[in-house]
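Numbering (our numbering), first residue to last: 44 to 395. Below is one structure; the comments refer to it alone.
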Ligand code: 5AD
Ligand code: FES
């Protein structure tokens, strides 16, 4: 029985709601899910794991998400923003280390006007024509997204966080709306970005039904990238007393995502590495194929704490790079530095 469900998911890249709920709510399918996820990933991506350099450009944020350590109400963190020169310097260090994708992530910080972002993007594009530029700067207008794209950005990460409007309202203050998130994601797709969406696993009051809605939402959106990681409480947020998201459920979901979205780029996230010392390795083994080490200057790392005990806040970029090399090699995978575009959805037929 257990094998049949997983086999069906493997063969059809889909299941009905009842079947998916069954997989989500039990751990007896985990080994099978992992095995088939690995077959699918190998058939699309071999043993390649792509590396993306994450540059955390600002921890100022105008939003007040209840889960997030850099929310505007947190008066206890020291705020920072990187200058254009500092960001370009991170890219230079990253390029030397072999990175060919730069991810500029930050809180929703109005200090960076569209003009400033466009200037930064254009300069990176000009200096590194062989690199992908990914932005992760939150909700903006269609026009802003379009101007960043026209300046040279190719990819945009904006997690939907939860596809259920009621649950969205539990995680965010009333001035943030799921509909606007969705509107942003659709705009990004329409403009031509490779889009990344995703959600936290085990966020406060999340139900299995919510996760099912997330999977259906993603099927509808067909993003190139899907980022999930466990929720981890931050001590200066209203959710400080909630528990970490579950490691096993996160890994199970990575396998399910790989089977539902064979073509997708799925990171083994820093949050996963934070709740377990081998979290990222387990994520890769379960079906993930991207890692996103930090390229931010060490002086600001600790300040970009979305959740408590975030790993890699003391390491230099080069240390993270070589640490990951070893980690990925130790599980029989191969860290690759090339640009690593998403595979065509209709890529080769899976061979068993
Ligand atoms: N725990 C885990 N992930 C978090 N994020 C924000 N706060 C937390 C937290 N406390 C995630 C969100 C966001 C991404 C950048 O980090 O999903 O989209
Ligand atoms: Fe940063 Fe290992 S990845 S120290």
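Glycine is no exception: its CB is placed at the ideal position from the N, C-alpha and C atoms. This structure is a prediction, so every number in the text was calculated from the model and none was measured.
Secondary structure at residue 249: coil, using DSSP grouped into helix, strand and coil. Remark: three or more beta-carbon pairs, one from each stretch, lie closer than 8 Å, so the stretch 241-256 and the stretch 61-79 are flagged as touching. Counting every other CB atom within 10 Å of its CB across the protein chains shown gives residue 84 a total of 16 or more, marking it as buried. Annotation for residue 198 indicates a beta carbon at 7 Å or more from all heavy atoms of the ligand 5AD. Spanning the alpha carbons of residue 334 and residue 353 requires a straight line of approximately 15 Å. In the DSSP assignment, residue 237 falls within the beta strand (DSSP E) that extends over 237-244.
Counted as a single uninterrupted DSSP element, the beta strand (DSSP E) harbouring residue 99 occupies residues 96-101.
In terms of side-chain proximity, the C-beta atom of residue 286 is found no nearer than 7 Å to any non-hydrogen atom of the ligand 5AD. Inside the stretch 308-340, DSSP marks whole alpha helix (DSSP H) runs of 4 or more residues at positions 313-318, 322-329, from first to last along the chain. With fewer than 16 other Cβ atoms inside 10 Å of its own Cβ, residue 105 counts as exposed. When C-alpha distances from residue 346 are compared across 117, 223, 181, the shortest belongs to 117. Distance from the CA of residue 215 to the CA of residue 275, rounded to the nearest whole angstrom, comes to 16 Å. By the Cβ rule, the stretch 294-313 does not count as touching the stretch 358-366, because fewer than three pairs are nearer than 8 Å.
Residue pairing by DSSP places residue 146 opposite 97, 177 in a beta bridge. Judged by beta-carbon spacing, residue 296 lies within the 8 Å limit of residue 271, meaning their Cβ atoms are closer than that value. Rounded to whole angstroms, the separation of the alpha carbons of residue 200 and residue 102 is 17 Å.
Taking all protein chains shown into account, residue 217 has fewer than 16 neighbouring C-beta atoms within 10 Å of its C-beta and is therefore exposed. A distance of 8 Å or more separates the beta carbons of residue 332 and residue 97.
In this structure, DSSP gives residue 223 a helical state, which the three-state scheme calls helix.
A contact is defined here as three or more CB-CB pairs under 8 Å, and the stretch 169-177 meets this definition with respect to the stretch 131-148. Using a 10 angstroms sphere on the CB of residue 375, the tally of other CB atoms stays under 16, which defines it as exposed. Residue 272 has its CB nearer than 7 Å to a heavy atom of the ligand 5AD. When the beta-carbon positions are compared, residue 264 and residue 228 come within less than 8 Å of each other. Contact between residue 146 and residue 179 holds, with the beta-carbon distance rounding to 6 Å and staying under 8 Å. For the ligand 5AD, a non-hydrogen atom lies closer than 7 Å to the CB of residue 314. Taking the CA atoms as reference points, residue 211 sits about 36 Å from residue 366.
DSSP places residue 198 in the uninterrupted beta strand (DSSP E) bounded by 198-200. Taking all protein chains in view, the Cβ of residue 183 is crowded by 16 or more other Cβ atoms within 10 Å, so the residue is classified as buried.
Those residues placing their Cβ nearer than 6 Å to any heavy atom of the ligand FES are, following chain order, 336, 355, 358, 362, 363, 366, 367.
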